[in-house]
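The opening position of the sequence shown corresponds to residue 25 in this note's numbering, with each subsequent residue numbered one higher. Step one of this worksheet: look at the structure below.
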Amino acid sequence: MHKNGQKFFVTTPIYYVNDVPHIGHAYTTIAADVVARYKKLDGYEVYFLTGTDEHGQKVHQAAKDLGVTAQEHVDKLNTRFKELWVRFNICNDDFIRTTEERHKVIVLNILKELFDKGEIYKASYEGWYCTPDERFWTEKDLVNGNCPECGRKVEKITESNYFFKMGQYQEWLIEHIKSNENFIQPASRKNEVLGFLSKPLEDLCISRPTSRMSWGIPLPFDDDYVTYVWFDALINYISTFGTLDKIRACGFWPADHHLVGKDILTTHAVYWSTMLKAMGLPLPKNIFAHGWWTVNGQKMSKSLFNVVEPNSLIDQFGVDTIRYFLLREVPFGLDGDFSHKALIGRRNSDLANNLGNLLNRTTNMIQKYFAGTIPEAATAGEEDTALTSKAAQTVSNVRAFYDDLAYNKILSEIWELVDATNQYIVKTAPWNLAKTEEGKERLKSVMYNSAESLRTIAILIYPFMPESAESMNRQLGIDVPIEEQGMQSVAKWGGLKSGGEIQSVSQLFPRIEDKEAEKILADIQTSGDSKKPQAASAKSDEVEQITIEDFMKVDLRTGKILEAEKVKKSKKLIKLKVDIGNETRQVLAGIAEAYEPDQLIGRTIILVANLKPAKLMGIESQGMILAGSADGKIILGGFDQELPEGVRVR
Ligand code: MSP
């Protein structure tokens, strides 16, 4: 394939390793994958980076609650992201983890260099700290006394810490943003950053005392501190290449696009830009902040249990339908709402009806009229010229829209060409041409042009739907994969070779019939599918049914709580002594955030009495008590009248 000698570097955020991967994460990663694939097709040498952010308080706490080391915990969890990206056909060149040695070494070098240059200093600090977000705020940042980011309570903390002299770069940064029009996109988000910078910019606290938080990279100049998780994480964009010298030599720097969600624009536009300035490295060409997905109108979050589980979606609809839907449904930069109904709608109208039908009717007619061999174009009528110029226009518009990552406009342009080709077939009416000798000559051109248009469409949709595009290409009897044909092969009409043999393959996008759609939507309603996170390995959206015998295997018993105490160093766990009639059990329950131990004593609960004992934080738990949760609030299951201990519940 033709190479243009240019390099292209695109990144996603590195995702918090203990998050359950959901379509929000998939969205950014697919968006990066599309532009990476497009640039490759256009002859660029591409470097596409993603990964996981593995330090910080939340990981530390989660590992502690599970009774494993933080490293064991992250080693296990990062694979959920890696495996999902393989399923989504993500073509990343590197997957970086912040607990890897290669990353830690670079963070240490950078910290040392900045410290030696006087960019980092130690001072006593008083500020408002949001523990879940692991961020300090000043008094003026707070909204109604709470964290401006997540709205949760903040605590006042006074301690000595290390600071990066971020404030000194305020004027320079404002100037940089204003004079580089595309540095922050979309424009509305750029204005938000400028708004943020209109208030005095403080220095950035880049350390956390190990006494409070030890799961991080120790500061090279003071063992009593670890590096603030954001300062550590942002450096992943450098550590993937190695040292600063390697960065300067690799030709990929600076990034063409850092794709981020709108939630983390400030950390990129302000922290990252000033860090780079201090290091003497060029700033990214573009930081693009996209919007947020809600699900059926609700914010996606683990605690709300309405995560849309991407593995199940892939099982149900296929990878390409989801890749297409996410980028077609909502303009990149705006918020969007995910619904299965809209997904099915797009699949049926755009993919099955418009594109699928065009491919089927064209290949079927070539089979029927030319025994499957692509004919040679002979004549060029008015309709043909209209179609070829529409295709040329489409290619040029698509190219231009990539500059602004306007994915939905790119797809809508391509679908205009799909429609124009369908209309071309209707206007030229091949079924009538086939009836006469003269018509048969014309039919050759019509079939050739329809197939050539489909070849163009396949190349244009390839970045979005790589599997389907390659399959279309094969069906058109082309044995050179799209990846090798490149964008230059659609620079002019006529790239399709006559004489190629149409291959029949199974239908690309079978229509989801009304009955099936109704069933999918009803299942989602009843199973609350869109409300429950599922294991990454879950194979389908369907709720598995069990028999009464299966259910009876679970030994549920009433139990009276005799003793309750909080487990030391755990936020969530309470240790209970429970009387279940003929014996007393020690049970650990993750309810400390909802109940005080005193409230529990004397209560009758339901215990899973035949659960294999397990150790949490080194303490044995001999059973599990039942509870429900809504909006993050945990409520214990129980009875509306007294029952003795040890009664079987069924
Ligand atoms: N670890 C930091 C990023 C460090 S980058 C140096 C982080 N991780 S995260 O797991 O919370 O992922 C954040 C990113 O996931 C968002 O910026 C966005 O790209 C994506 N999304 C998470 N939830 C989302 C939605 N509901 N909708 C769309 N994208 C969202 O922040």
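We treat Cβ as the ideally placed atom computed from N, Cα and C, and that holds for glycine.
Euclidean distance between Cα positions of L640 and G151: By one-based count along the sequence shown, residue 640 stands at place 616. By one-based count along the sequence shown, residue 151 stands at place 127. Approximately 34 Å between the Cα atoms of the pair.
Looking at the structure shown, is P668 part of a helix, part of a strand, or coil, going by DSSP? Residue mapping note: residue 668 aligns to position 644 of the sequence shown, counting from 1. Reduced to three states, the DSSP call for P668 is coil.
Does any C-beta atom of chain C lie closer than 8 Å to the C-beta of T291? Here there is only one protein chain, and chain C is not present.
Is any heavy atom of the ligand MSP found at a distance shorter than 7 Å from the C-beta of P37? To locate residue 37, count along the sequence shown from 1; it is residue 13. For the ligand MSP, at least one heavy atom lies less than 7 Å from the Cβ of P37.
Taking 7 Å as the cut-off, does the CB of I288 come closer than this to any heavy atom belonging to the ligand MSP? In the sequence shown, the residue the question calls residue 288 occupies position 264. Yes - the ligand MSP has a heavy atom lying nearer than 7 Å to the Cβ of I288.
Let me confirm a value: S235 is counted as buried when at least 16 other C-beta atoms fall within 10 Å, else exposed. Which label applies? By one-based count along the sequence shown, residue 235 stands at place 211. Label assigned to S235: exposed.
When we look at the beta-carbon of V567 and count the other beta-carbons within 10 Å, is it buried (16 or more) or exposed? On the sequence shown, residue 567 is found 543 positions in, with the first residue counted as 1. Confidence in V567 is poor, its pLDDT being 42 and thus under 50, which makes the residue's placement unreliable; the coordinate value appears in the next sentence. Label assigned to V567: exposed.
Would you mind stating whether F32 and D280 have Cβ atoms separated by less than 8 Å? Start at 1 with the first residue of the sequence shown, and residue 32 comes out as number 8. Start at 1 with the first residue of the sequence shown, and residue 280 comes out as number 256. Contact: yes.
Between the Cα of R674 and the Cα atoms of F575, G583, E666, which residue gives the shortest distance? Along the sequence shown, read from residue 1 onward, the residue named residue 674 stands at position 650. For the residues F575, G583, E666, the minimum Cα distance to R674 belongs to F575.
Enclosing alpha helix (DSSP H) for I201 [first to last residue]: To locate residue 201, count along the sequence shown from 1; it is residue 177. First-last of the alpha helix (DSSP H) with I201: 194-203.
Does the segment 112-120 come within contact of the segment 184-192, defined as at least 3 CB pairs closer than 8 Å? no
Tell me the DSSP secondary structure of A401 in three-state form. Stepping through the sequence shown from its first residue, residue 401 is reached at position 377. Residue state, collapsed to three classes: coil.
Out of curiosity, what's the CA-to-CA distance linking D248 and P242? Working through the sequence shown from its first residue, we reach residue 248 at position 224. Working through the sequence shown from its first residue, we reach residue 242 at position 218. C-alpha separation (whole angstroms): 8 Å.
In angstroms with no decimal places, state the Cα-to-Cα distance between A293 and V178. Taking the first residue of the sequence shown as position 1, residue 293 is located at position 269. Taking the first residue of the sequence shown as position 1, residue 178 is located at position 154. The straight-line gap from Cα to Cα measures roughly 24 Å.
Other residues of its chain near P490: CB distance less than 6 Å, five sequence neighbours each side excluded: As a first step, residue 490 must be located in the sequence shown, where it is residue number 466. So the qualifying residues of the chain are N113.
Residues of its chain near I449, where Cβ-Cβ distance is below 7 Å and the 5 sequence neighbours each way are ignored: Reading the sequence shown from its first residue, position 425 is the one you call residue 449. These residues qualify, in order along the chain: R385, S474.
How would you call D553, buried or exposed, if buried means at least 16 neighbouring beta carbons within 10 angstroms? Here residue 553 refers to the residue found at position 529 of the sequence shown. For D553, the pLDDT reaches just 43, beneath the cut-off of 50, and the residue's location in the model is therefore unreliable, although a value from the coordinates is still provided. Buried is the call here.
Could you give the DSSP three-state label for I252: helix, strand or coil? Counting from one through the sequence shown, the residue named residue 252 turns up at place 228. Position check: residue 252 holds Tyr in this sequence, whereas Ile was assumed. Here Y252 sits in coil by DSSP.
Of the listed residues L283, R61, A410, nearest to E508 (C-alpha basis): Here residue 508 refers to the residue found at position 484 of the sequence shown. Looking at the Cα atoms, R61 is the closest of the given residues.
Should H49 be listed as close to the ligand MSP, given that the test is whether its C-beta is under 7 Å from any heavy atom? Working through the sequence shown from its first residue, we reach residue 49 at position 25. The answer is yes for H49.
Secondary structure of F312, DSSP reduced to three states: As a working mapping, residue 312 is identified with position 288 in the sequence shown. In the structure shown, F312 sits in a strand (DSSP, three-state: E or B).
Taking all protein chains shown into account, decide if Y295 is buried (16 or more other Cβ within 10 angstroms of its Cβ) or exposed. Sequence index remark: in the sequence shown, residue 295 carries index 271 (1-based). It counts as buried.
Quick test of your reading: Q646 and V611, contact by CB under 8 Å. State the CB separation rounded to the nearest angstrom. Locating residue 646 in the sequence shown gives position 622, counting from the first residue. Locating residue 611 in the sequence shown gives position 587, counting from the first residue. Yes, Q646 and V611 are in contact; Cβ-Cβ is about 6 Å, under 8 Å.
Per DSSP, E587 is paired with what? Position 563 of the sequence shown, counted from the start, is the residue given in the question as residue 587. The partner list for E587 (beta bridge, DSSP) reads K601.
Identify whether A302 lies in helix, strand or coil by the three-state DSSP scheme. As a working mapping, residue 302 is identified with position 278 in the sequence shown. Helix, per DSSP.
Is T35 closer than 8 Å to H79 when the C-beta atoms are compared? On the sequence shown, position 55 is the one that residue 79 refers to. On the sequence shown, position 11 is the one that residue 35 refers to. For H79 and T35, no; Cβs fall outside 8 Å.
Name the one or two DSSP bridge partners that G285 has. Along the sequence shown, read from residue 1 onward, the residue named residue 285 stands at position 261. DSSP output for G285 lists H314 as bridge partner(s).
Mind checking who I181 pairs with in its DSSP beta bridge? By one-based count along the sequence shown, residue 181 stands at place 157. I181 is bridged to G151.
Work out the CA separation of F119 and K27 for me, nearest whole Å. By one-based count along the sequence shown, residue 27 stands at place 3. By one-based count along the sequence shown, residue 119 stands at place 95. Straight-line Cα distance between these residues: approximately 25 Å.
Find the nearest neighbour of L435 within the set A482, L520, M237, judged by alpha-carbon distance. Position 411 of the sequence shown, counted from the start, is the residue given in the question as residue 435. Of A482, L520, M237, the residue nearest in Cα terms is A482.
Can you find at least 3 beta carbon pairs, one from the segment 126-143 and one from the segment 297-307, that sit closer than 8 Å? yes
Residue range of the alpha helix (DSSP H) that F32 falls in? Locating residue 32 in the sequence shown gives position 8, where the first residue counts as 1. Taken as a continuous stretch (DSSP letters only), F32 belongs to no alpha helix (DSSP H), being part of the beta strand (DSSP E) at 31-40.
In angstroms, rounded to a whole number, what distance separates the CA positions of I676 and L532? In this structure the chain extends from 25 to 674, so residue 676 is not present and cannot be described.
At a cut-off of 7 Å, would you count V442 as near the ligand MSP, judging by its Cβ distance to the nearest heavy atom? Position 418 of the sequence shown holds residue 442. No.
Does at least one heavy atom of the ligand MSP sit under 7 Å from the Cβ of Y40? Position 16 of the sequence shown, counted from the first residue, corresponds to residue 40. It does: the Cβ of Y40 is within 7 Å (strictly closer) of some heavy atom of the ligand MSP.
Below 6 Å CB to CB, which residues in the same chain sit around L367 once its five sequence neighbours on both sides are set aside? By one-based count along the sequence shown, residue 367 stands at place 343. So the qualifying residues of the chain are F349.
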